[in-house]
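Visitor:
In the UniProt record's numbering, the protein residues as written are 1 to 632.
Put into structure tokens, the structure is as follows:
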């Protein structure tokens with residue numbers, strides 16, 4: 001039995017540790033990843049918005065920048081169908097002949113056209129002025145957007161609060177104003193000066209809202225709800241006025257913007273990598289729906305309630321652990337009891353998100369992990385004198401039950417991936433728990449024989465703590481595997497991705513040889529998954545070179561047999577032939593302090609991308625990993 005004082009210390013230390021990590025911003029990136037996952041799996045909306053896109057094919061046909069004549073022709077074609085407003089998400093601060101006079105005439109005769117400018121910035125990424133004619137007619141808006149630390153865009157600006165233009169709205173808000181004006185809805189202000197549109201008061205984002213801890217909350221920001229789908233039509237069809245139904249743009253908002261990766265207006269978001277005009281369209285649709293009461297603004301619970309939720313869940317979990325410790329003090333039972341509140345918290349947070357409430361959970365999960373495992377370990381150590389034989393019996397009983405579970409799982413056809421993971425987790429923490437039990441038996445006997453040494457006892461406690469940390473690390477790594485089936489195909493530059501992966505590792509003492517086939521420059525697939533595969537294989541190659549005097553890594557790509565082939569070759573320590581078939585197994589590793597997850601994740605990601613990873617290793621010569629991907 002653990003004393004109440006010790007239970008209280010474990011509880012308080014778990015709470016303080018998790019809150020400290022949250023306040024320091026160390027949990028922010030994980031919270032934002034959870035937000036991305038919840039956002040991408042939530043219900044989708046439709047919007048009265050059509051996006052006129054120009055991609056690489058349009059650029060090949062018309063060149064870039066698009067000349068004034070063609071831009072004027074596109075705007076006039078749209079204008080003929082009487083749209084509510086046209087948002088031109090194209091910088092046009094200087095003329096692009098021919099057709100400059102024609103475009104100026106179009107600007108003059110199109111009162112529902114909105115141009116753009118960039119009002120915040122310095123240096124290379126500085127301000128960009130709007131078209132002068134549209135500026136004089138007050139038909140311009142800002143397209144500035146804040147970016148999170150992980151280079152993703154999750155927040156948008158309603159007003160950028162530029163010093164020289166404090167009342168300039170964002171492009172998304174300006175277009176929403178035009179649409180809502182048709183609904184007889186105009187902006188008002190509440191007593192605190194915040195904007196009211198229809199049924200919604202737009203409260204500004206604060207730096208610690210939701211999962212954020214240290215975000216910049218300057219200007220008038222809101223969280224972007226990436227859950228809207230849009231109609232799209234190519235610029236070529238608009239310019240050529242080809243096969244356009246008469247109601248393509250009628251009574252709709254129309255936005256013109258770049259989809260071509262070469263124009264550098266593609267950004268990372270919770271929805272994947274999308275264009276800047278899509279981000280503005282997402283905000284426009286969100287503002288309109290909020291004003292009309294079709295969806296709710298994302299809200300955040302006050303910080304005192306967040307802390308109360310953390311304390312309540314942590315206390316309840318510790319009570320459950322104490323109540324059922326004797327009955328379930330086996331590896332699998334303890335694992336189920338420890339993970340159950342974590343899964344419950346994740347479910348509550350997701351349901352809250354469905355109801356437009358962002359409930360931070362990472363600090364709660366950290367607190368649960370700490371309190372559950374520290375309580376369990378303290379309980380076992382405190383029971384050394386009374387339960388040495390019981391512990392041994394429970395361990396033997398668990399071993400038998402574990403063997404039965406393994407047999408049952410092995411006999412089932414169509415075993416699921418989650419079943420494999422749970423079985424592997426049980427194996428991964430079995431040895432540490434066995435060590436803890438055996439060590440407790442030894443010290444029980446020494447205590448009974450009055451032969452215990454304090455220093456030796458502290459050393460034993462340190463060993464128990466180390467193995468408990470191994471268990472905790474395993475659970476934390478397993479929590480990162482939630483997106484393994486979240487496949488999001490997109491077109492991206494493979495050569496740029498490989499260079500990005502090399503930029504984040506130290507190759508200063510390694511001779512690097514990169515041979516990339518130009519035919520593999522642009523591919524279709526899940527960019528983030530492939531980045532994970534490449535990062536794992538490159539780091540694996542670097543680790544293999546630690547004891548090599550002349551380390552070399554070769555990275556090559558090419559087309560072969562209708563497949564895209566990427567090879568990573570190193571001349572470091574090779575893989576024994578008996579281990580080659582095992583290296584992609586979960587938790588299998590030949591390296592100390594390595595959990596054996598990297599190559600398994602890489603292999604699973606490759607399968608999701610309809611590909612595979614092959615390995616070839618020649619003793620004392622080289623090791624080659626080959627990624628084979630379908631071209632899609």
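In this text, a Cβ means the ideal position worked out from N, Cα and C, and glycines have one as well.
(1) From which residue to which residue does the alpha helix (DSSP H) around residue 605 run?
(2) In terms of alpha-carbon separation, which member of 579, 548, 521, 362 lies closest to residue 25?
(3) Looking at C-beta atoms only, is the number of pairs between the region 18 to 37 and the region 132 to 146 that lie closer than 8 angstroms three or more?
(4) Please go through the region 267 to 316 and give each complete alpha helix (DSSP H) segment of 4 or more residues, from N-terminal end onward.
(5) Measuring only the C-alpha atoms, how far is residue 414 from residue 352?
(6) Please report the residue range of the alpha helix (DSSP H) in which residue 518 lies.
(7) DSSP three-state label for residue 87, please.
(8) For residue 387, which of helix, strand or coil comes out of DSSP?
(9) Count the other CB atoms, across all protein chains shown, that sit within 10 Å of the CB of residue 262; report buried if there are 16 or more and exposed otherwise.
(10) Roughly how far, in whole angstroms, is the beta-carbon of residue 519 from the beta-carbon of residue 492, given that I think they are within contact range, below 8 angstroms?
(11) Look at the Cβ atom of residue 157, then the Cβ atom of residue 221, and state whether they are nearer than 9 angstroms.
(12) Could you pull out every residue in the same chain whose Cβ sits closer than 6 angstroms to the Cβ of residue 3, ignoring the five residues on either side in sequence?
(13) Mind checking residue 205: buried by the 16 CB within 10 Å criterion, or exposed?
(14) Between residue 311 and residue 15, what straight-line distance do the alpha-carbon atoms span, to the nearest angstrom?
(15) Residue 604 to residue 625, Cα distance in whole Å?
(16) Round the Cβ separation of residue 67 and residue 96 to the nearest angstrom and send it over; I've been treating them as touching at under 8 angstroms.
(17) Exposed or buried, residue 598, counting other C-beta atoms within 10 Å across all chains shown (16 or more means buried)?
(18) Would you report the Cα separation of residue 305 and residue 193, rounded to the nearest angstrom?
(19) Let me check understanding here. Comparing Cα to Cα, which of 253, 119, 92, 150 lies closest to residue 132?
(20) Shorter than 8 angstroms, the distance from the beta carbon of residue 544 to the closest heavy atom of the ligand MN, or not?
(21) Considering residue 109, what are the terminal residues of the beta strand (DSSP E) in which it resides?
(22) Counting only the same chain and skipping the five closest in sequence on each side, list residues whose C-beta sits under 6 angstroms from that of residue 210.
(23) Could you name the residues that DSSP lists as bridge partners for residue 492?
(24) Can you check which of these residues, 552, 610, 623, 553, is closest to residue 580 by C-alpha distance?
(25) Tell me whether the region 341 to 348 and the region 363 to 371 touch, counting them as touching only if at least three CB pairs, one residue from each stretch, are closer than 8 angstroms.
(26) Is it buried or exposed, residue 515, if we count other Cβ atoms within 10 angstroms and call 16 or more buried?
(27) Would you grab the beta carbon distance between residue 74 and residue 239 for me? Rounded to a whole angstrom, and I think it's under 8 angstroms.
(28) To the nearest angstrom, report how far apart residue 512 and residue 540 are at their CA atoms.
(29) If you check the beta carbons only, do residue 557 and residue 548 fall under 9 angstroms apart?
(30) Apart from the five residues just before and just after residue 121, which ones in its own chain have a Cβ nearer than 7 angstroms to its Cβ?
(31) Is it the case that the region 79 to 89 contacts the region 173 to 187, given that we only count it when at least three CB pairs across the two stretches are under 8 angstroms?
(32) Going by the CB atoms, is the gap between residue 212 and residue 28 shorter than 9 angstroms?
(33) What does a CB cutoff of less than 7 angstroms around residue 200 pick up in its chain, not counting 5 residues either side in sequence?
(34) Using CA coordinates, which residue listed in 348, 130, 181, 532 is at the minimum distance from residue 94?
(35) Starting from residue 179, follow the alpha helix (DSSP H) in both directions and report where the run begins and ends.
(36) Determine the contact status of residue 628 and residue 523, defining contact as a CB-CB distance below 9 angstroms.
Guide: Answer, in terms of the structure:
(1) Counting along the chain, the alpha helix (DSSP H) containing residue 605 begins and ends at 598 to 608.
(2) Per the Cα distances, 362.
(3) By the C-beta criterion, the region 18 to 37 is judged not to be in contact with the region 132 to 146, since fewer than 3 inter-stretch pairs fall below 8 angstroms.
(4) Counting only runs of 4 or more, we get 276 to 292.
(5) Per-residue confidence for residue 414 stands at a pLDDT of 38, beneath the threshold of 50, marking its modelled position as unreliable; no derived number is given.
(6) Note, residue 518: premise wrong, no alpha helix (DSSP H); not H, not E.
(7) Here residue 87 sits in strand by DSSP.
(8) Here the model assigns residue 387 a pLDDT of 47, short of 50, so the residue's position is not dependable, and the following value carries that caveat. When DSSP states are grouped into helix, strand and coil, residue 387 belongs to the helix group.
(9) By the 10 Å Cβ count, residue 262 comes out exposed.
(10) About 15 angstroms separates the two Cβ atoms, so there is no contact after all.
(11) Annotated as proximal: residue 157 and residue 221, with beta-carbon spacing under 9 angstroms.
(12) Sequence-distant partners of residue 3 (beyond 5 residues in either direction) whose C-beta falls short of 6 angstroms from its own C-beta are missing from its chain.
(13) Taking all protein chains shown into account, residue 205 has 16 or more neighbouring C-beta atoms within 10 Å of its C-beta and is therefore buried.
(14) Near 7 angstroms, if we compare the C-alpha coordinates of residue 15 and residue 311.
(15) Their Cα atoms are separated by approximately 15 angstroms.
(16) About 5 angstroms separates the two Cβ atoms, so the contact holds.
(17) Under this definition residue 598 is a buried residue.
(18) Looking at the two C-alpha atoms, the distance is approximately 26 angstroms.
(19) Residue 92 is the option with its Cα nearest to residue 132.
(20) The model on display carries no ligand, and the ligand MN is accordingly not part of it.
(21) Secondary structure note for residue 109: it is in no beta strand (DSSP E), with a DSSP letter that is neither H nor E.
(22) The residues are 300, 358.
(23) For residue 492, which the question treats as bridged, DSSP gives the partners 523.
(24) Relative to residue 580, the option among 552, 610, 623, 553 whose CA is nearest is 623.
(25) The answer is yes - the region 363 to 371 touches the region 341 to 348, with three or more Cβ pairs under 8 angstroms.
(26) It is exposed - the Cβ of residue 515 has fewer than 16 other Cβ atoms within 10 Å.
(27) Here residue 74 really is in contact with residue 239; their C-beta atoms are around 5 angstroms apart, less than 8 angstroms.
(28) About 15 angstroms.
(29) No Cβ-Cβ contact shorter than 9 angstroms links residue 557 with residue 548.
(30) 127, listed in sequence order.
(31) Counting C-beta pairs closer than 8 angstroms gives three or more between the region 173 to 187 and the region 79 to 89, which meets the contact rule.
(32) It is a contact, given that the beta carbons lie within the stated cut-off.
(33) 290, 291, 297, listed in sequence order.
(34) It is 130 whose Cα lies nearest to the Cα of residue 94.
(35) Note, residue 179: alpha helix (DSSP H), 171 to 182.
(36) Not closer than 9 angstroms, so no.
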